[in-house]
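Q: Got a structure for you, written out below as C-alpha cells; questions coming shortly.
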Amino acid sequence: MNKLETTYMGLTLKNPLIIGSSNLTASLSNIKKLEQAGAGAIVLKSLFEEQFLVDEDRLLNEDDHYYWYREAIDYLNNYSKNFGVKEYIQLIRDAKKEVSIPIIASINCVSAVEWPKFALQLEYAGADGIELNISVPAFQKDLTSEQIESNYADILLKVKSYVSIPVSVKIGANFTNITRLAHQLAAAGADGIVLFNRFYSPDIDIYRANVISDKALSNPVELAQSLRWIGLLSKEVKTDFAASTGIHDSNSIIKQILAGAAAVQVVSAIYENGVDYAIDLVRGVDQWMKLKGYNSIDEFKGLVAIKSESAAAFERVQYMKKSYSKM
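Residue numbers (this note's numbering): 2 to 328.
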C-alpha cells in the first residue's frame with residue numbers, strides 16, 4: 002500500500018491532494034497534467050442545476066422555488082450552448098478513459114426542484130462521485146436557519162435517491178450551528194463534507210458606480226476556519242471531511258490531516274504557482290512523514306482533533322492565554 006494513500010467518500014486516493022472545482026479542472030488536457038503532477042483526485046468544474054433545466058426546457062419560472070431575472074435566463078441559455086450537460090458528460094467520459102485517479106462531478110445547486118434525477122446521467126458517464134456545492138441564499142427575512150439547513154439535507158437526500166455513487170456536500174461557514182448541520186448531512190447519507198466553500202464577495206467599482214465581483218484568490222490566513230471546524234467535527238460526525246480554502250503549502254495539508262481531514266482541496270495555490278506545484282505539495286507531506294516516522298496517513302489523521310465536549314473550554318483557555326500574554 003502507498004503510504005500516502007487515503008480514503009475519502011469511500012474512494013481510494015493515492016494521496017490526500019484533491020484539485021478543487023475550478024477552471025483548472027474544466028478541460029481534459031488540464032486534468033491529465035494535474036494527474037501527472039501528482040493530484041490524488043479531481044473535482045470537475047461545477048455544472049449548475051439551472052443548466053439541467055435549460056437543456057430540458059424546464060427552467061423555473063416566477064411561481065417556482067425562486068424568481069428568475071430575464072438576463073439570468075439569457076445568460077444561462079448562452080452559457081449552456083458552450084458548456085452544457087452534454088459537454089459535461091463527455092468530459093467525464095473522456096477523463097475516465099485518460100486518467101486513473103477518481104473523477105468527482107460537481108453540481109452547484111440551490112434547490113431540490115426537478116434537477117436531481119439528472120444527476121444519474123453523471124453516474125452513467127462514469128463519475129466516481131458527486132460533490133454538491135450547495136448555496137441557499139439567506140436573503141429572505143422569513144427564511145429561518147432551520148429551513149435553510151433542512152434544504153441542504155433535502156437536496157442531498159433527493160440526489161442520493163437517484164445515484165449509487167458517493168455524494169459529498171460542500172458548505173459555507175455562515176451557519177448558526179455548523180455542528181448541527183454536519184450531523185444532519187451525515188444522517189442524510191453524506192459520504193463526505195467539504196469545509197468550507199469560498200463564495201465570491203461583492204465589490205463596488207467607484208468609477209462606474211456598479212457592483213462587481215471580487216475574484217481574489219484565497220489567502221493562507223483563511224486556513225484557520227476550516228482547521229478549527231474539522232478539528233471539532235472529525236471525531237464526532239460519522240463521515241469523511243475534506244478541507245478547502247487557505248491551503249497553500251504542504252504544512253497546511255499536514256495540519257488539516259492532523260485535525261482529522263481525510264483529504265484537502267487546493268485551487269488558489271495551483272493558480273498562483275502552476276500545475277507542477279502539486280508535486281511540491283505531495284512531496285512536502287511525504288518528507289514530513291519520513292521525518293516523523295509515519296508509515297501511513299491513518300497513523301496521524303485526527304491526532305490533534307478537539308473533543309467536542311471540551312471544545313468550549315479549549316477555546317476559552319486559549320483566549321485567556323492569548324489575552325494574558327499581551328499584558
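Think of the CB as a built atom: it goes at the ideal place given N, C-alpha and C, for glycine as much as any other residue.
Along the chain, where does the beta strand (DSSP E) containing V222 start, and where does it finish?
A: Taken as a continuous stretch (DSSP letters only), V222 belongs to no beta strand (DSSP E), as it is neither H nor E.
Q: Please state whether the Cβ-Cβ distance between N152 and N198 is less than 8 angstroms.
A: Contact flag unset, no.
Q: Suppose the cutoff is 7 angstroms on Cβ atoms and the five residues either side in sequence are ignored; what does the same chain contact list for G261 look like?
A: Once the five neighbours on either side are set aside, the close Cβ partners of G261 are I231, G232, S235, K236, F242, K302, G303 and A306.
Q: Expressed to the nearest angstrom, what Euclidean distance is found between the alpha-carbon atoms of G39 and L5?
A: So the alpha carbons of these two residues sit roughly 11 angstroms apart.
Q: Is the stretch 101–109 in contact with the stretch 41–53, if contact means three or more CB pairs nearer than 8 angstroms?
A: Judged by Cβ distances under 8 angstroms, the stretch 101–109 makes contact with the stretch 41–53, as three or more pairs qualify.
Q: Between S227 and W289, how many whole angstroms is the CB-CB distance? I'm expecting something under 8 angstroms.
A: No, S227 and W289 are not in contact; Cβ-Cβ is about 20 angstroms, not under 8 angstroms.
Q: Compute the beta-carbon to beta-carbon distance between L123 and I90, rounded to the nearest angstrom, for a pair I have assumed lies under 8 angstroms.
A: Between I90 and L123 the Cβ distance is about 7 angstroms, and since that is below 8 angstroms, they are a contact.
Q: Please go through the same chain and pick out, in chain order, the residues whose beta-carbon is closer than 6 angstroms to the beta-carbon of P167, but skip the five residues on each side of it.
A: Same-chain partners within the cutoff: M10, G11, G130 and D192.
Q: Just verifying my parser: in three-state terms, what is the DSSP assignment at P117?
A: Three-state DSSP puts P117 in a helix.
Q: In the DSSP assignment, find the unbroken beta strand (DSSP E) run with V267 in it and report its ends.
A: Counting along the chain, the beta strand (DSSP E) containing V267 begins and ends at A264 to V267.
Q: Helix, strand or coil for Y9? Go by DSSP, reduced to three states.
A: Here Y9 sits in strand by DSSP.
Q: What residue range does the beta strand (DSSP E) around S107 cover?
A: I104 to C110 is the span of the beta strand (DSSP E), which, as asked, contains S107.
Q: Can you tell me whether Q185 sits near the ligand COA, meaning its C-beta is under 7 angstroms from at least one heavy atom of the ligand?
A: The ligand COA is not part of the structure shown, which contains no ligands of any sort.
Q: Taking only runs of the beta strand (DSSP E) that begin and end inside the stretch 160–186, which ones reach a length of at least 3 residues, in chain order?
A: Qualifying beta strand (DSSP E) stretches, in chain order: 168–172.
Q: Which class does N31 belong to by DSSP, given the choice of helix, strand or coil?
A: Three-state DSSP puts N31 in a helix.
Q: Between which residues of its own chain and N211 is the CB-CB distance below 7 angstroms, once the five residues before and five after are set aside?
A: Closer than 7 angstroms at the Cβ level, and outside the excluded window around N211, lies no residue.
Q: Looking at C-alpha atoms only, which residue of S30, N31, A42 and K33 is the closest neighbour of Q266?
A: The option with the nearest alpha carbon to Q266 is A42.
Q: Which residue wins for smallest C-alpha separation from N24, given the options H249, I271, L186 and V222?
A: For N24, the nearest C-alpha among the options comes from I271.
Q: Based on Cα-Cα distance, which residue from S245, I172 and R229 lies nearest to E150?
A: Per the Cα distances, I172.
Q: For I194, which of Q141, D204 and A154 has the nearest alpha-carbon?
A: Per the Cα distances, A154.
Q: Secondary structure at V286, three-state DSSP: helix, strand or coil?
A: Reduced to three states, the DSSP call for V286 is helix.
Q: Which residue comes first and which comes last in the alpha helix (DSSP H) that contains S253?
A: First-last of the alpha helix (DSSP H) with S253: S251 to A260.
Q: Thinking just about the alpha-carbon of each residue, which of E99, A217 and A174 is nearest to the one in P138?
A: When only C-alpha atoms are compared, the closest one is A174.
Q: With DSSP run on the structure shown, which of helix, strand or coil describes E132?
A: E132 falls in the strand class under three-state DSSP.
Q: I'd like to confirm the pairing. Which residues does DSSP put opposite G193 in its beta bridges?
A: For G193, which the question treats as bridged, DSSP gives the partners S169 and D241.
Q: Below 6 angstroms CB to CB, which residues in the same chain sit around H66 once its five sequence neighbours on both sides are set aside?
A: Note that H66 scores a pLDDT of 44, beneath 50, so its modelled location is shaky; the value from the coordinates is reported in the next line. Excluding sequence neighbours, H66 sits near S112 and V114.
Q: Select from L182, V276 and I254 the residue whose C-alpha is nearest the C-alpha of V238.
A: Of the candidates L182, V276 and I254, the one whose C-alpha sits nearest the C-alpha of V238 is L182.
Q: From this set, G21, S30, T8 and K34, which residue's C-alpha is nearest D277's C-alpha?
A: Among G21, S30, T8 and K34, the Cα nearest to that of D277 is on K34.
Q: Going along the chain, which residues of its own chain have a beta-carbon closer than 6 angstroms to the beta-carbon of S22, five neighbours each way excluded?
A: Excluding positions up to five away in sequence, the list reads V44, K46, S47 and S107.
Q: Since G247 and S219 should fall inside the 8 angstroms C-beta cutoff, what is the C-beta to C-beta distance between them, to a whole number of angstroms?
A: With 8 angstroms as the limit, G247 and S219 qualify as a contact, their Cβ atoms being about 5 angstroms apart.
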